[in-house]
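Input: a single structure, listed below in structure tokens.
Protein chains: 2
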Amino acid sequence: MSVEPIKTIEKADMADIALGGAFLGTGGGGDPYIGKLMAEQALDEHGPVRVADVDEFDDDALIMPVAMMGAPTVMLEKLPKGTEVGTALSSLEAYLGAKADAIFCVEAGGLNSTIPVAVAAATGLPIVDGDGMGRAFPELQMVSMTMHGLKATPMVIADDKGNSIVINAVDNLATEKFARVATVEMGGAALIALYPMRGAEAKKAILRGSMSLIKSIGRIIDAEQAANRNPAQALASELNGIRLFEGRVHDVERRTEGGFARGSCEIVGLGPNDGASITLEFQNEFLIARRANGKPLAMTPDLICLLDLETGQPITTEQIRYGFRVIVFGLPCNPQWRSDHGLELVGPKYFGYELEYQPIEALNG
Amino acid sequence: MSVEPIKTIEKADMADIALGGAFLGTGGGGDPYIGKLMAEQALDEHGPVRVADVDEFDDDALIMPVAMMGAPTVMLEKLPKGTEVGTALSSLEAYLGAKADAIFCVEAGGLNSTIPVAVAAATGLPIVDGDGMGRAFPELQMVSMTMHGLKATPMVIADDKGNSIVINAVDNLATEKFARVATVEMGGAALIALYPMRGAEAKKAILRGSMSLIKSIGRIIDAEQAANRNPAQALASELNGIRLFEGRVHDVERRTEGGFARGSCEIVGLGPNDGASITLEFQNEFLIARRANGKPLAMTPDLICLLDLETGQPITTEQIRYGFRVIVFGLPCNPQWRSDHGLELVGPKYFGYELEYQPIEALNG
């Protein structure tokens with residue numbers, strides 16, 4: 582796909598960014614629509630945000646992602662207002678005794694692809710054209726920074742009541758565990774700033790071009806929708822993606838557990854898939870798609886995206902309802918995730934599935 | 582009771598301090614015996630600890646309690662070694678950018694009456710002759726400092742693996758909740774430093790004379806044991822206490838839940854209480870003693886202490902076993918706890934009992 586690098590984000594860009602973020606959110610990360618409203622308001626008030634290539638920064642620049650952590654269903658209910666959005670960032674800056682030179686998105690999907698835009702606008706900081714996942718994942722150690730040996734801590738987690746916590750942990754999995762119980766105690770969602778890193782580290786660790794990719798995906802979906810075409814075909818050809826299944830949502834099971842939205846949904850085939858059915862399982866994000874006989878169609882870390890069958894609009898796990906007519910769309914993950922270390926962090930076994938990872942291209946070859 | 586103020590703690594004092602701490606631990610706070618060994622080792626290595634009246638410090642001195650937090654059963658398994666014991670204190674000092682002038686015991690019972698002695702010896706700091714409870718209580722907001730409007734935060738919680746967390750919370754109950762889930766995540770027990778306060782605040786908020794009282798209680802128990810007398814009689818007359826019940830432990834039910842040791846024990850009467858039975862319920866500490874008909878004999882915040890019927894040795898909730906012959910001993914709490922604010926913090930309703938607080942003297946008058 583030819584992705585045009587973006588240099589600024591203006592209010593008019595947010596519709597595409599929210600759309601692209603919803604797609605790469607792979608069902609999780611929360612509906613970016615509300616984050617979009619927050620970002621639009623901040624852009625209105627403070628002007629456009631500069632998007633910078635990570636190479637533009639000095640090796641000793643201070644760069645860190647900001648995000649919202651929690652079960653997406655709860656995140657939507659607990660969205661920060663106005664200046665609150667920068668609370669975790671400013672607390673981490675105070676703890677470090679240094680100001681950030683840039684921020685970035687910890688994940689390229691969902692709310693967390695729009696909330697950092699609001700933070701960047703409110704603080705006047707540039708946003709790096711990159712992220713830590715190339716998609717959305719449910720846990721904070723599941724980032725390219727972990728693969729590159731960077732520590733998530735010191736990390737700040739803050740809520741809307743004025744509580745804030747600084748975590749220093751021995752490794753990123755321990756950080757996730759401490760932050761997750763704190764998030765639950767904060768009511769299920771909280772603002773975070775973490776992985777404070779130097780420019781030199783960011784240049785190695787960040788997955789590049791994510792903001793531009795999100796924008797491009799959003800633009801494709803938007804253009805196809807405007808032409809009354811389902812975007813699935815264009816997305817498949819542009820993104821090297823695979824139309825996995827078409828059908829109707831027959832059953833959804835959903836629970837908030839351990840600070841995550843977990844569950845599954847059964848889809849009964851339509852059109853080319855008439856007579857078949859598949860099940861999608863999720864922990865915030867879709868993790869696995871299986872046929873009725875248990876055979877996998879796609880599995881984490883490859884991307885599983887759910888789109889409306891008519892409009893191509895991405896559907897998050899909390900939006901799924903009985904009767905929805907949908908396309909299940911698969912996309913190969915960033916190649917770094919297919920390394921041994923990558924699969925240790927985000928492969929099916931980490932999530933408790935007794936499955937060897939198989940690339941989506943091999944499963945659907 | 583005529584309590585002789587102590588000015589130093591030497592190795593030879595630790596036996597009495599552990600005994601007195603076990604008594605005021607009211608069943609909780611962990612067996613001080615292991616904390617005693619830690620303190621003895623530190624006193625051996627670094628020399629005696631100075632015990633200071635809080636009035637000896639400047640109004641702007643930095644004073645804070647250090648403690649171990651968690652389920653007593655787990656605390657005993659996770660006791661810190663050597664220098665580890667000062668981890669939370671030094672992390673909080675680093676966060677505050679200032680050195681402590683003195684430390685004190687957050688509670689006058691159990692492990693937390695001996696661990697701070699080890700910290701004082703290792704750091705060379707004096708220990709204030711006072712504490713925050715006048716006994717042991719299970720939660721960190723249950724201290725005189727809360728009644729005097731002091732904040733528990735910034736608070737550090739640290740484990741033996743190198744994880745540490747700084748909490749800044751809106752109130753002390755929120756601090757307790759964040760610290761409790763972090764403690765559970767740290768394996769059930771952790772070192773803490775909290776309530777950093779100025780000398781002027783300490784002079785108002787600390788319950789005075791606790792170290793001296795602990796030592797005196799220990800001395801009485803020791804002297805009576807040496808004379809082959811049960812210390813209950815001497816303790817009752819010296820401490821204005823009440824022998825509530827004598828009997829044999831018939832049943833114990835114990836579980837670790839939400840980071841606490843919870844449970845109950847049934848005691849069937851012997852001697853003067855033949856034919857009767859009572860139940861003690863605990864959350865780390867004994868909270869309520871009831872007759873078989875449900876009528877209370879004593880309730881929190883008054884002290885309920887369990888002693889061996891023959892030796893008068895205090896028995897912690899985790900030591901109780903079927904068949905133990907015991908005396909249940911009651912003691913009026915510090916009068917501050919009987920205020921409205923005090924009862925809100927530690928009265929029976931806070932712990933879920935639908936009971937109006939009645940002083941132990943009234944229940945046994």
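One line per chain: the protein sequences are A and B, in this order. Residues 582 to 946, numbered by this note's numbering, are exactly what the first sequence covers, in order. Residues 582 to 946, numbered by this note's numbering, are exactly what the second sequence covers, in order. Backbone N, C-alpha and C define an ideal beta-carbon position, used for all residues, glycine too. As the structure is a computational prediction, the values presented were derived from the model and not from experiment.
DSSP places GLY799/A outside any beta strand (DSSP E); the residue lies instead in the alpha helix (DSSP H), whose first and last residues are 791 to 807. Counting only Cβ-Cβ distances below 7 Å, SER745/A has contacts in chain B at ASN749, in chain order. Proximity of ALA648/A to chain B, defined by a Cβ-Cβ separation below 8 Å, is not satisfied. Minimum Cα-Cα distance from VAL647/A among the listed residues TYR614/A, GLY713/A, ILE587/A corresponds to GLY713/A. Neighbours of VAL709/A in chain B, taken as residues at a C-beta separation under 8 Å, are lacking, since the least C-beta distance is about 27 Å. In the DSSP assignment, no residue is bridged to ASP883/B. For the region 668 to 680 of chain A, the set of residues with a beta-carbon nearer than 9 Å to any beta-carbon of chain B comprises SER672, TYR676, in chain order.
Residue environment analysis places GLN814/B among the exposed positions, since fewer than 16 neighbouring C-beta atoms fall within 10 angstroms of its C-beta. At least one CB of chain A lies nearer than 8 Å to the CB of GLU766/B. Of the residues assessed, ASN874/B falls on the exposed side of the cut-off, its CB having fewer than 16 other CB atoms within 10 angstroms.
With a cutoff of 8 Å on beta-carbon distance, ALA733/B and LEU721/B are scored as near each other. According to the DSSP secondary-structure assignment, GLN864/B is paired through a beta bridge with ARG843/B, GLU866/B.
Taking all protein chains in view, the Cβ of TYR903/A is surrounded by fewer than 16 other Cβ atoms within 10 Å, so the residue is classified as exposed. Within the region 636 to 699 of chain A, the complete beta strand (DSSP E) segments at least 3 residues long are 643 to 651, 683 to 686, listed from N- to C-terminus.
Distance from the CA of VAL765/A to the CA of SER725/A, rounded to the nearest whole angstrom, comes to 25 Å. For ASP832/B, the uninterrupted beta strand (DSSP E) run begins and ends at 823 to 838, by DSSP. For VAL762/B, the residues of chain A that pass the 8 Å Cβ criterion are VAL762, ALA763, VAL765, GLU766, in the order they occur in the chain. Taking 8 Å as the threshold, the shortest C-beta distance from PHE759/B to chain A falls below it. Taking a Cβ-Cβ threshold of 8 Å, none of the residues of chain A is close to LYS588/B; the smallest such distance is about 38 Å. Taking a contact as a CB-CB distance under 8 Å, the pair GLU834/B and SER845/B counts as one, their CB atoms being some 5 Å apart. Put simply, the CB of LYS659/A is far from chain B, with every gap to its CB atoms at 8 Å or more. Non-local C-beta neighbours of PRO719/A in its own chain, meaning closer than 7 Å and more than five positions away in sequence, comprise GLY609, PHE841, GLN864, ASN865, GLU866, ordered along the chain. When only Cα atoms are considered, ASP639/B and LEU706/A end up about 45 Å apart. For the pair THR898/B and ILE615/B, the Cα-to-Cα distance works out to about 16 Å. About 5 Å separates the beta carbon of ALA620/B from that of MET595/B, a gap short enough to meet the 8 Å contact definition. In the DSSP secondary-structure assignment, THR589/A is bridged to ARG631/A. Going by DSSP, GLY601/B is part of the alpha helix (DSSP H) stretching over 595 to 605. Taken through DSSP and simplified to helix, strand or coil, GLY715/B comes out as coil. For ARG761/A, the enclosing alpha helix (DSSP H) starts and ends at 753 to 766. Separation of LEU775/A and PRO735/A (C-alpha to C-alpha, rounded to the nearest whole angstrom) is 6 Å.
When the beta-carbon positions are compared, ARG789/A and ASP641/A stay at least 8 Å from each other. At a cut-off of 8 Å between C-beta atoms, LYS742/A counts as an interface residue with respect to chain B. Cβ neighbours of ALA783/B within its own chain (closer than 6 Å, five residues either side excluded): VAL635, ILE644. One finds nothing in chain A with a Cβ atom closer than 7 Å to the Cβ of ALA774/B; even the nearest lies about 14 Å away. DSSP places VAL907/B in no alpha helix (DSSP H) but in the uninterrupted beta strand (DSSP E) bounded by 906 to 912. Boundaries cannot be given for VAL584/A, as no beta strand (DSSP E) includes it and DSSP labels it neither H nor E.
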